[in-house]
Structures are given as structure tokens and as C-alpha cells.
Amino acid sequence: MKKLIAGIALFGTFALASAQTITFDKTTFDYGTIKPSSDGTRFFTVTNTGDKPLVLSNVKASCGCTTPEFKTDPIMPGKSAQIKVGYNTAINGGFNKMIEVFSNDPVNSRSVIYIKGNVDPNAPDPKPLTPEELKAKAKADKKAAKAAKKVAAAK
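Numbering (UniProt numbering), first residue to last: 1 to 155.
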């Protein structure tokens, strides 16, 4: 009986050792101090560091002023995807918002990422986006437009 229990425990250890694992490039994105109505879009990179496909099942913001967008396509081992997060920068003042990320990671099925910053009319002019940020933004905007067309066509 002891051997059976030990065998089951050992099998369970191996089953958990080979799984999908969610990893983020950062868990907090600090906007800094920005002007009202400036671009509130930022990206978090999610990487599957496990050896089975990772699926994001839901991404939920703590309030309506924050709008996350994500794909439910499986993220293959070693590959990455992006979560696009938009914040309503028409609201003046400081903010610190939580975004919950739900996945099929057996250890971290619910992960939390944050955005924070301050919207101030006296903020300095924003720095231009880097080429990588511009490329990511254009790609995400194109995907969002494509998704919107699909939804419109389905109606």
C-alpha cells in the first residue's frame, strides 16, 4: 500500500512538472505622469515557460476605466502573446488599477498585473514611442479592427 501511495505521489509530481506556465515581462506598468486624453494603451507580454500550451481564459479589469484585450488562442511552449490594456486618461488624478489574468496554468490559474500613474494637466509633453512600441501598437490596433469587423459581420 505504501508503494502504491508513493507511486501516485511521484506520478503527481511529474504531472505538475510538465505543464503550461505563465510568465509576465512585468507585473506593473507605470505610466508615470501623463497629460489628460493622452494615449492610455500599454502592453504586457505573456510567455509560456512550460512545455504544454497555455490558454488565457479571461482577463478582467477592476473597473470600467481600464479595458484589457487578449486572445484565447493557445500560447505554445516558449512563445509569447500580448495583453493590451487601455486606461481612460480623460480622468484626472492618480490611478492604481488591478487586472486579473485567468489561465490554465495549474499553479497560477489567477495572476494579477497592475497599471498605475497620474493624469495631470500640467504634465510634460509625452515622449515619442519607440519603434518597437509603435510596431506593437500598430499590430494590436490592426487585430482589434479585424476583430471588430468579424463581430459586425456576424450581426
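Using N, Cα and C, we set each Cβ at its ideal position, and we do this for glycine too.
Being a predicted model, the structure only gives us computed values, none of them experimental.
Nearest to residue i (by Cα), restricted to the options the options
{"i": "Cys65", "options": "Val46, Gly93 and Ala81", "result": "Gly93"}
{"i": "Asp51", "options": "Pro128, Lys139 and Gln20", "result": "Gln20"}
{"i": "Val85", "options": "Thr130, Ala153 and Val46", "result": "Val46"}
{"i": "Phe44", "options": "Pro124, Met76, Ser111 and Asn122", "result": "Ser111"}
{"i": "residue 173", "options": "Thr49, Ala153, Thr67 and Ala145", "result": "Nothing about residue 173 can be read from this structure; the chain reaches only from 1 to 155."}
{"i": "Asn118", "options": "Phe24, Ser57, Phe95 and Val59", "result": "Phe95"}
{"i": "Tyr31", "options": "Leu129, Ser57 and Phe24", "result": "Leu129"}
{"i": "Lys139", "options": "Ala153, Ile83 and Asn122", "result": "Ile83"}
{"i": "Ala81", "options": "Ala123, Asn122 and Asp25", "result": "Asp25"}
Identified DSSP bridge partners for residue i
{"i": "Pro68", "result": "Val85"}
{"i": "Leu54", "result": "Ile75"}
{"i": "Asn104", "result": "Answer is none; Asn104 lacks a bridge partner."}
{"i": "Ser111", "result": "Val101"}
{"i": "Asp30", "result": "Lys116"}
{"i": "Gly94", "result": "Asn118"}
{"i": "Ser80", "result": "Thr47"}
{"i": "Ala61", "result": "Ile99"}
Spatial neighbours of residue i in its chain, beta-carbon cut-off 7 Å, leaving aside the 5 residues before and after
{"i": "Cys63", "result": "Lys97"}
{"i": "Val55", "result": "Thr72, Pro74, Ser103 and Asn104"}
{"i": "Ala144", "result": "Glu69"}
{"i": "Ala123", "result": "Thr33, Ile34 and Lys35"}
Cutoff 6 Å; reference residue i; Cβ partners in own chain excluding five residues on either side
{"i": "Lys142", "result": "none"}
{"i": "Gly78", "result": "none"}
{"i": "Asp120", "result": "Thr33"}
{"i": "Lys61", "result": "The sequence shown places Ala at residue 61, rather than the Lys named in the question. The answer, listed in chain order, is Pro68 and Ile99."}
{"i": "Phe29", "result": "Arg42 and Ile115"}
Own chain residues within Cβ distance below 8 Å of residue i, not counting five before or after
{"i": "Ala15", "result": "Unreliable placement is indicated for Ala15, whose pLDDT of 46 sits below 50; no coordinate value is reported for it."}
{"i": "Thr13", "result": "Its pLDDT being 45, under 50, Thr13 is placed unreliably by the model, and the measurement read from it follows with that caveat. Excluding sequence neighbours, Thr13 sits near nothing in its chain."}
{"i": "Ala6", "result": "Its pLDDT being 46, under 50, Ala6 is placed unreliably by the model, and nothing is read from it."}
{"i": "Asp125", "result": "Lys35"}
{"i": "Thr23", "result": "Val46, Thr47, Asn48 and Thr49"}
Nearest-angstrom Cβ-Cβ length linking residue i and residue j, presumed shorter than 8 Å
{"i": "Thr27", "j": "Ile113", "result": "5 Å"}
Any 3 or more C-beta pairs closer than 8 Å across the region 23–43 and the region 82–100: yes
Given 8 Å, three or more beta-carbon pairs between the region 102–116 and the region 132–146: no
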